[in-house]
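First the structure, in the form of structure tokens, and then the observations on it.
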Amino acid sequence: MDEEQNHHHLPVSSASSSGSINEVPEVTTSSSSAASSRVQEEEEDNQHEQEQELLQTTSSRVSIVRYLNDPSNDDSWSCLGMLFTFWFFASMTVILGFYGPLNLRVGPNCSRLIQMNSFFISDIKVQELAGPADGLMLYSFHHPPPLDVETTWSETYNESLPAFTHAEWIFFLNKGSEINISYSVQSQDSVLFLVIAEGKENFIEWTQDPSYPNITLSWNIIQGTGVIQKKLSSSSDYYVAVGNIDPMEVEVHLNLNIKAKLYNTTEAYFKCSLAKGPCVSYVSFLRTDVAVLTSSSLKQDPQGDDWYVKLSYGERWLSYILGSGIMTVLVLVVFKMCVKCQSAVDGTGYQQRNNLGYDNYQQRTNLGHDRTPLLETHQKTEKTAARIDYVSFALMLRETAFSSPADIVRPVLPAEQGLQKKLINSAIPASLLNFIKCTGENVVNQVPEELLTKRSHPGSATAILEQADDTVSQIATGTKTVVDHNLGQTPWHRFPPKQLDEKNDTKYTKAANLIKCSYFTSVGNLMEAQAHAAFRVVIYGGKLYVDFYYACTQTRAMFTVWGLLQLLRRYPGMIPDVDLMFDCMDRSSVSRKRYRPGRRWPPPPLFRYCTTDWEFDIPFPDWSFWGWPETNIQPWDKEFNNIKKGSQTQSWINKTAHAYWKGNPYVASPVRMELLKCNNTKLWGAEVFIQDWIKEKQVGFKTCDLASQCKHRYKIYAEGFAWSVSLKYILSCGSLPLMINPVFQDFFSRGLVPKENYWPVTFSNLCRSIKFAVDWGNANPSKAEEIGKGAQDLMGTLNMERVYDYMYHLINEYSKLQNFKPVPPSTAQEVCMESVLCYANEREKGFLKGSVASPSLSMPCTLQSPDRELVENVIQKNRKIIDDVQEMERIQMEQNDRRNIAPAPSMQPN
Numbered sequence: 001m002d003e004e005q006n007h008h009h010l011p012v013s014s015a016s017s018s019g020s021i022n023e024v025p026e027v028t029t030s031s032s033s034a035a036s037s038r039v040q041e042e043e044e045d046n047q048h049e050q051e052q053e054l055l056q057t058t059s060s061r062v063s064i065v066r067y068l069n070d071p072s073n074d075d076s077w078s079c080l081g082m083l084f085t086f087w088f089f090a091s092m093t094v095i096l097g098f099y100g101p102l103n104l105r106v107g108p109n110c111s112r113l114i115q116m117n118s119f120f121i122s123d124i125k126v127q128e129l130a131g132p133a134d135g136l137m138l139y140s141f142h143h144p145p146p147l148d149v150e151t152t153w154s155e156t157y158n159e160s161l162p163a164f165t166h167a168e169w170i171f172f173l174n175k176g177s178e179i180n181i182s183y184s185v186q187s188q189d190s191v192l193f194l195v196i197a198e199g200k201e202n203f204i205e206w207t208q209d210p211s212y213p214n215i216t217l218s219w220n221i222i223q224g225t226g227v228i229q230k231k232l233s234s235s236s237d238y239y240v241a242v243g244n245i246d247p248m249e250v251e252v253h254l255n256l257n258i259k260a261k262l263y264n265t266t267e268a269y270f271k272c273s274l275a276k277g278p279c280v281s282y283v284s285f286l287r288t289d290v291a292v293l294t295s296s297s298l299k300q301d302p303q304g305d306d307w308y309v310k311l312s313y314g315e316r317w318l319s320y321i322l323g324s325g326i327m328t329v330l331v332l333v334v335f336k337m338c339v340k341c342q343s344a345v346d347g348t349g350y351q352q353r354n355n356l357g358y359d360n361y362q363q364r365t366n367l368g369h370d371r372t373p374l375l376e377t378h379q380k381t382e383k384t385a386a387r388i389d390y391v392s393f394a395l396m397l398r399e400t401a402f403s404s405p406a407d408i409v410r411p412v413l414p415a416e417q418g419l420q421k422k423l424i425n426s427a428i429p430a431s432l433l434n435f436i437k438c439t440g441e442n443v444v445n446q447v448p449e450e451l452l453t454k455r456s457h458p459g460s461a462t463a464i465l466e467q468a469d470d471t472v473s474q475i476a477t478g479t480k481t482v483v484d485h486n487l488g489q490t491p492w493h494r495f496p497p498k499q500l501d502e503k504n505d506t507k508y509t510k511a512a513n514l515i516k517c518s519y520f521t522s523v524g525n526l527m528e529a530q531a532h533a534a535f536r537v538v539i540y541g542g543k544l545y546v547d548f549y550y551a552c553t554q555t556r557a558m559f560t561v562w563g564l565l566q567l568l569r570r571y572p573g574m575i576p577d578v579d580l581m582f583d584c585m586d587r588s589s590v591s592r593k594r595y596r597p598g599r600r601w602p603p604p605p606l607f608r609y610c611t612t613d614w615e616f617d618i619p620f621p622d623w624s625f626w627g628w629p630e631t632n633i634q635p636w637d638k639e640f641n642n643i644k645k646g647s648q649t650q651s652w653i654n655k656t657a658h659a660y661w662k663g664n665p666y667v668a669s670p671v672r673m674e675l676l677k678c679n680n681t682k683l684w685g686a687e688v689f690i691q692d693w694i695k696e697k698q699v700g701f702k703t704c705d706l707a708s709q710c711k712h713r714y715k716i717y718a719e720g721f722a723w724s725v726s727l728k729y730i731l732s733c734g735s736l737p738l739m740i741n742p743v744f745q746d747f748f749s750r751g752l753v754p755k756e757n758y759w760p761v762t763f764s765n766l767c768r769s770i771k772f773a774v775d776w777g778n779a780n781p782s783k784a785e786e787i788g789k790g791a792q793d794l795m796g797t798l799n800m801e802r803v804y805d806y807m808y809h810l811i812n813e814y815s816k817l818q819n820f821k822p823v824p825p826s827t828a829q830e831v832c833m834e835s836v837l838c839y840a841n842e843r844e845k846g847f848l849k850g851s852v853a854s855p856s857l858s859m860p861c862t863l864q865s866p867d868r869e870l871v872e873n874v875i876q877k878n879r880k881i882i883d884d885v886q887e888m889e890r891i892q893m894e895q896n897d898r899r900n901i902a903p904a905p906s907m908q909p910n
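910 is the number that UniProt numbering gives the last residue of the sequence shown; the numbers go up by one with no jumps.
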């Protein structure tokens, strides 16, 4: 702008100078008038040439300036820079990634097709990593060879599988191949899994990640002897594994008979044996060349039957550079055409903005000044990740009609008086002052310093709206709280992020709620136990501090933290300072096999909802004791009373004489999948229903009321991915609980006694075992009713007072083992009841408020001294009862098999 104005005055200055020259002849003699006239004409010509030259220069400079300032050209240069970067990284990705070096495992009788793009690849090189080796051949073809050669071989394995271990084998097989597996499990009572899956995922990943079963070709529960056959529909790696989930060691004999399809190599134009060293095959340019890597039937090596080779490609660098460059130019051309089309549609064509021309310049020069834009444009300021603009706060608060958080303002501490004085003296509007005070000093520190002193906010309305939108998006996605939907997915259990209800919720309302409730923390360095923890809990001076690491599915974290707050409320001033790690996922993870004296000791203390006999995880009451909104389950005391009341609507003799189970089988649970096969009241005496929680939510949970599910004499408990929270509700029904070989234990289930609180059911021959239990109960109704009543009475003693007593003693004993003074980390949030309620929606608030604990008027129950002998005796006694039941079951089944009739026992109670 200033440059154009200076150029506008230059021609006027030149005219003034020539005027002065014209006055000179007037003071000279008259005899030189003719000469003076010629001089004057020459000077006028020179002046005109200078003006034309100056106008051309000025017009060029104006055009250059407008070209550089034109937004479309800024976009073009930005696009060009972006495309150049894309070109460079795309080339490197293809060279080093897609066609980068690759290590392959090659088994016996392997025939692997290697396809290449001859435009980018000049040669292929294969070498054995351990040096030259017999048995490997590399063939090259101008076209893919036919897959018409068949070969068959067998592999025999005798495996001894300890408890909860597995054995695995990986094969590369082509389309049309077949796998036939004959098995023989030595122990008749033991059950194994046999898995055939496409890919190379290991057994642990496959069983613990719900996504892996989607690629599973065969998932079998094997017992005794049998044969499994599978024909393969694609060429890939295939994973075969046999796993033992039984608590005892099991021996199994496997015979793998494989009929493999191989490529016909008779038409190869190049072949090379790796016994002589690396093999290099050159690829013809723009030909459909392929290579085939084959192996012999057996590797003569005592270390194993597999080869390990390195596959690498030779690059055509010129093709990479030219190809990527051409693609970059094409993309740029398409982009420019799109810009022009869009500009034409908008009525502000690209050429119109730049074709100013000399006439347009003269017109603007005659006007003497440029037109002032209606709205002054401001460049977008640099985003600061932690900067929160109070104007954005105001926009969000106006969106949610939020006036003042007076209901959650906490008492002012002496240390905060200076902070409040700073806020009062600032220019922040009064309507936002209480709001910022409520969120604490950490939020105030995010407010720009200039906004605490200036009375007005610089910048246009557009800039403010952009800042507000950026701030809202950042807060809505990056704040870590007790709710799950604004945290990333955990590495162990994937679940979809929460979707906003656009009718009732927006990102502005969501962000406003997060701001008014949160303290804006970050994640610190993780210690050993933190590698498995979802959050860290520190109780210090009677206050609760939480540092969140990963998200917990649904409202697990919220209700678990709420339970800890109720413990502090139940026993105020009595909870010692502690520092503990908590994981909210299902399965325990601190293995006794990994952590033991002499190897790694002590194990990291990790709290979670369940444990097993083979893990060190510390069991803690699960979140549902304080309510489970997603399934409409009320806090424990209220839910138990409802269930007990519902169970009393019918006498035992009037209840349905079948076993009942309703739940979700699709949680990677072999037990529940096998249970689906038992849904036959005449054959097995069982009714099995699939629970669809999505549909239940849509109809308002009308058909899943737990109090209405106590109309059967027998209720089945089947573990899911790990333990199930349904155990306490099943035990509360007054029906005879049928528990299928439980592996996982929560904090109270270790106190259950078979034939007093439940009836043990074996997973092997599951349907027949359920039928045996049902027939035994129908033949002995008083004894069956007594066991069901014993389970219900036990749950009646497990009220929330006893739950808090367990939590108190657990944390108290745990604190005695800490040899340091717990201090809240800088990344932790102080959590109180008001802050949790602040995060909760209206439905969740109802559950939370319904589980508020009252301060206890008495001390916690007395914890007895540990007695290892007593515990061992209880374990052995329970084990013997289960063995006796299984023996009764075995004898009855043998008698039924000899009679070749349906089982109908008439046993007397023991």
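Here a beta-carbon is modelled for each residue, glycine too, at the ideal position from N, C-alpha and C. As the structure is a computational prediction, the values presented were derived from the model and not from experiment.
Taking only three categories from DSSP, how would you classify M833? The residue labelled residue 833 in the question sits at position 833 within the sequence shown. M833 falls in the helix class under three-state DSSP.
Those residues which DSSP pairs with T555 across a bridge: Position 555 of the sequence shown holds residue 555. Note: T555 sits in no beta bridge, so no partner.
Have a look at K711 and Q650 and give me their C-alpha separation to the nearest angstrom. Taking the sequence shown and counting its residues from 1, one reaches residue 711 at position 711. Taking the sequence shown and counting its residues from 1, one reaches residue 650 at position 650. Rounded to the nearest angstrom, the two C-alpha atoms are 7 Å apart.
Assuming R556 contacts V546 under a Cβ cut-off of 8 Å, what Cβ separation, rounded to an integer in Å, is found between them? By 1-based counting over the sequence shown, the position of residue 556 is 556. By 1-based counting over the sequence shown, the position of residue 546 is 546. R556 to V546, Cβ: 13 Å. No contact.
Residues near V149 by beta carbon distance below 6 Å, same chain, minus five either side: On the sequence shown, position 149 is the one that residue 149 refers to. Sequence-distant Cβ neighbours of V149 in its own chain, meaning closer than 6 Å and more than five residues away, are L262, N264.
Is it right to say R672 is buried, meaning 16 or more other beta carbons lie within 10 angstroms of its own, or is it exposed? Taking the first residue of the sequence shown as 1, we reach residue 672 at position 672. Taking all protein chains in view, the Cβ of R672 is crowded by 16 or more other Cβ atoms within 10 Å, so the residue is classified as buried.
Nearest neighbour of F574, chosen from W614, L311, S856 [CA to CA]: Stepping through the sequence shown from its first residue, residue 574 is reached at position 574. What sits at residue 574 in the sequence shown is Met, not Phe. It is S856.
Closest residue to H532 among P605, D577, W776 (Cα-Cα distance): Translated into the one-based positions of the sequence shown, residue 532 becomes position 532. That would be P605, whose Cα lies nearest to the Cα of H532.
Quick check on T797: does DSSP put it in helix, strand or coil? Position 797 of the sequence shown, counted from the first residue, corresponds to residue 797. For T797, the secondary structure class from DSSP, reduced to helix, strand or coil, is helix.
R105 and D306 closer than 7 Å at C-beta: Taking the sequence shown and counting its residues from 1, the one referred to as residue 105 is at position 105. Taking the sequence shown and counting its residues from 1, the one referred to as residue 306 is at position 306. Yes. Within cutoff.
Quick one: Cα of H658 to Cα of G685, how far? On the sequence shown, position 658 is the one that residue 658 refers to. On the sequence shown, position 685 is the one that residue 685 refers to. Linking H658 to G685 through their CA atoms gives a straight-line distance of about 5 Å.
So the candidates are P145, H166, G646, Q634; which of them puts its Cα closest to the Cα of V250? On the sequence shown, position 250 is the one that residue 250 refers to. Answer by Cα proximity: H166.
Hey, how far is the Cα of R868 from the Cα of N878? The residue given as residue 868 occupies position 868 in the sequence shown. The residue given as residue 878 occupies position 878 in the sequence shown. So the two alpha carbons sit approximately 15 Å from each other.
What did DSSP end up calling D769 once you bin it into helix, strand or coil? On the sequence shown, position 769 is the one that residue 769 refers to. Residue identity differs from the one stated: residue 769 is Ser in this sequence, not Asp. Reduced to three states, the DSSP call for S769 is helix.
Check whether the region 140 to 157 touches the region 724 to 742, counting contact only when three or more Cβ pairs, one atom from each stretch, lie closer than 8 Å. Verdict: no, contact absent.
With C-beta atoms as the reference, is S281 less than 7 Å away from I124? Position 281 of the sequence shown, counting from 1, holds the residue named residue 281. Position 124 of the sequence shown, counting from 1, holds the residue named residue 124. Yes, these two residues count as a Cβ contact at 7 Å.
Measuring straight from C-alpha to C-alpha, what distance separates S233 and E198? Taking the sequence shown and counting its residues from 1, the one referred to as residue 233 is at position 233. Taking the sequence shown and counting its residues from 1, the one referred to as residue 198 is at position 198. Taking the straight line joining both Cα atoms gives about 10 Å.
Might you give, ordered along the chain, the residues of its own chain that have their beta carbon closer than 7 Å to the beta carbon of K543, omitting 5 neighbours on each side? Counting from one through the sequence shown, the residue named residue 543 turns up at place 543. Counting only Cβ-Cβ distances below 7 Å, and skipping sequence neighbours, we find E830.
Output the distance between the C-alpha atoms of P145 and E267, rounded to the nearest integer angstrom. For the purposes of this step, residue 145 is taken as residue 145 along the sequence shown, with counting starting at 1. For the purposes of this step, residue 267 is taken as residue 267 along the sequence shown, with counting starting at 1. Spanning the two alpha carbons is a distance of roughly 8 Å.
Using only the alpha-carbon positions, how far apart do Q303 and N873 sit? Translated into the one-based positions of the sequence shown, residue 303 becomes position 303. Translated into the one-based positions of the sequence shown, residue 873 becomes position 873. Low local confidence applies: a pLDDT of 48 at Q303 is under 50, so the model's placement there is unreliable, with the coordinate-based value given in what follows. Distance between the alpha carbons of Q303 and N873 is about 48 Å.
Can you give me the C-alpha to C-alpha distance between K644 and I170, rounded to a whole angstrom? By one-based count along the sequence shown, residue 644 stands at place 644. By one-based count along the sequence shown, residue 170 stands at place 170. Each residue's alpha carbon lies about 53 Å from the other.
Inter-residue CB distance, Y139 and V292 (contact presumed, cutoff 8 Å): Indexing the sequence shown from 1 puts residue 139 at position 139. Indexing the sequence shown from 1 puts residue 292 at position 292. Right, their Cβ atoms sit about 5 Å apart.
For L766, which of Y717, A722, Y806, N812 has the nearest alpha-carbon? Locating residue 766 in the sequence shown gives position 766, where the first residue counts as 1. Proximity to L766 across Y717, A722, Y806, N812 peaks at Y717, based on C-alpha coordinates.
Within 10 angstroms of its Cβ, does I539 collect 16 or more other Cβ (buried), or is it exposed? Your numbering for residue 539 matches position 539 in the sequence shown. Residue environment analysis places I539 among the buried positions, since at least 16 neighbouring C-beta atoms fall within 10 angstroms of its C-beta.
Residues that L736 bridges to, as DSSP identifies them: Here the question's residue 736 lines up with position 736 in the sequence shown. Paired residues: Y714.
Over the uninterrupted alpha helix (DSSP H) stretch that includes D123, give me the two end residues. As a position in the sequence shown, residue 123 is number 123, starting the count at 1. Taken as a continuous stretch (DSSP letters only), D123 belongs to no alpha helix (DSSP H), being part of the beta strand (DSSP E) at 121 to 128.
According to the neighbour-count rule (16 or more other Cβ atoms, all chains shown, within 10 Å of its Cβ), is A275 buried or exposed? Numbered from 1 along the sequence shown, position 275 holds the residue referred to as residue 275. By the neighbour-count rule (16 or more Cβ atoms within 10 Å), A275 is not buried but exposed.
Since E584 and C552 should fall inside the 8 Å C-beta cutoff, what is the C-beta to C-beta distance between them, to a whole number of angstroms? Counted from its first residue, the sequence shown places residue 584 at position 584. Counted from its first residue, the sequence shown places residue 552 at position 552. Here the sequence assigns Cys to residue 584, which means Glu is not the residue at that position. C584 to C552, Cβ: 4 Å. Contact.
Quickly, what does DSSP pair I196 with across the bridge? List them, please. Locating residue 196 in the sequence shown gives position 196, counting from the first residue. In DSSP, I196 forms a bridge with S218, V240.
Straight-line CA distance for P278 to L173? As a position in the sequence shown, residue 278 is number 278, starting the count at 1. As a position in the sequence shown, residue 173 is number 173, starting the count at 1. Here the alpha carbons of L173 and P278 stand approximately 24 Å from one another.
So, are the CB atoms of Y660 and K715 less than 7 Å apart? Numbered from 1 along the sequence shown, position 660 holds the residue referred to as residue 660. Numbered from 1 along the sequence shown, position 715 holds the residue referred to as residue 715. Contact flag set, yes.
Beta-bridge partners of R608, as assigned by DSSP: Along the sequence shown, one-based indexing puts residue 608 at 608. Bridge partners of R608: P619.
Is the number of C-beta pairs between the region 759 to 775 and the region 631 to 643 that are closer than 8 Å three or more? In short, these stretches do not touch, since the Cβ pair count stays below three.
Would you please state the rounded distance, in angstroms, between the beta carbons of R316 and S160? I believe it to be under 8 Å. Within the sequence shown, numbered from 1, the residue matching residue 316 stands at position 316. Within the sequence shown, numbered from 1, the residue matching residue 160 stands at position 160. R316 to S160, Cβ: 53 Å. No contact.
Collapsed DSSP secondary structure at V823 in the structure displayed: Sequence index remark: in the sequence shown, residue 823 carries index 823 (1-based). V823: coil per DSSP, three-state reduction.
Going by C-alpha distance, which of S735, S218, F335, I181 is nearest E756? Position 756 of the sequence shown, counted from the first residue, corresponds to residue 756. When only C-alpha atoms are compared, the closest one is S735.
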